[in-house]
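Residue numbers (my numbering): 15 to 270.
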């Protein structure tokens, strides 16, 4: 039993990062291992019955261990709920989406057009608004030139994760090309789309990354554009969105 408790402790410390949950579980297992080792030592060392502290050392760690393990398991449960909530959007891609981008595990341009056609038909039937957001990272080619394409690809992967965490469960994000992403918003009016676009823009602006090779801080900014689906087909809608994005980028450059 002592060996098993130490084995559980070793697995715990190897499989979990340091933190409150790990500390609570480790302390609980240590208390159990200590109590069981005292019980094991009784088989070889006979203590006088008048030694009360010896009985306490053998019996008291178990209730303490159960309390610590209970707290640890409770916080572990809360931790798993938080992680699961963050992974919902990512998990949906792995289970449902087939046309992946080669670099980032989200849909590519082909998948976007396929889903956009379905969404346009559905929005017309349900008479619900359909909005699109284009997100283009500013001067991303400079990052590739300064730090290399591999570093740039890693930054794109991290930015995609950041965007996913700031979207709703029903939203769909795809990589159109390069450093440009498209978000498909079902049943979303223009005001809500503008607010979400601003949230995504602020999320990118708050992103900071330290390069692996040069250990330099990289800060990003993004230009966002939105458009509402009208009578367009998928190709003309994407074309109109790209045109709107280009105009917004020109205004930003002119203003700066």
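We put the beta carbon where it would ideally sit given N, CA and C, even for glycine.
Because the structure is a prediction, the values reported are computed rather than measured.
Taking DSSP as the reference, what is the three-state secondary structure of residue i?
i           : result
residue 26  : helix
residue 111 : At residue 111 the pLDDT is 47, less than 50, meaning the model places this residue with poor confidence; the figure from the coordinates comes in the next sentence. It is coil, neither helix nor strand.
residue 91  : helix
residue 41  : helix
residue 181 : coil
residue 268 : helix
residue 246 : coil
residue 55  : helix
residue 166 : helix
residue 32  : coil
residue 141 : coil
residue 227 : coil
residue 16  : helix
residue 256 : helix
residue 203 : coil
Name the DSSP beta bridge partners of residue i, please?
i           : result
residue 241 : 146
residue 188 : 121 and 196
residue 173 : Answer is none; residue 173 lacks a bridge partner.
residue 233 : 222
residue 151 : 236
How about residue i and residue j: do their beta carbons lie closer than 8 Å?
i           : j           : result
residue 152 : residue 235 : yes
residue 239 : residue 262 : yes
residue 172 : residue 88  : no
residue 199 : residue 210 : yes
residue 83  : residue 20  : no
residue 134 : residue 146 : no
residue 23  : residue 36  : no
residue 194 : residue 149 : yes
residue 165 : residue 227 : yes
residue 207 : residue 180 : no
residue 201 : residue 141 : no
residue 225 : residue 161 : yes
Would residue i pass as an interface residue toward chain B - the criterion being a Cβ-Cβ separation below 8 Å?
i          : result
residue 23 : Among the chains of the structure shown, chain B does not appear; only one protein chain is present.
With distances taken Cα to Cα, identify the nearest neighbour of residue i among the options.
i           : options               : result
residue 220 : 230, 177 and 79       : 177
residue 130 : 253, 33 and 264       : 253
residue 47  : 196, 77 and 31        : 77
residue 17  : 49, 30 and 184        : 49
residue 79  : 90, 43, 93 and 95     : 43
residue 271 : 19, 137 and 249       : As displayed, the chain neither begins before 15 nor continues past 270, which places residue 271 out of reach and without an answer.
residue 122 : 35, 93 and 188        : 188
residue 182 : 213, 260, 84 and 166  : 213
residue 259 : 237, 124 and 229      : 237
residue 52  : 34, 74, 32 and 41     : 74
residue 170 : 232, 247, 127 and 205 : 232
residue 241 : 45, 205 and 125       : 205
residue 55  : 92, 28, 34 and 15     : 15
residue 196 : 92, 230, 251 and 34   : 251
residue 120 : 265, 81, 185 and 30   : 185
residue 138 : 247, 28 and 266       : 247
residue 45  : 29, 31, 81 and 33     : 81
residue 192 : 203, 215 and 168      : 168
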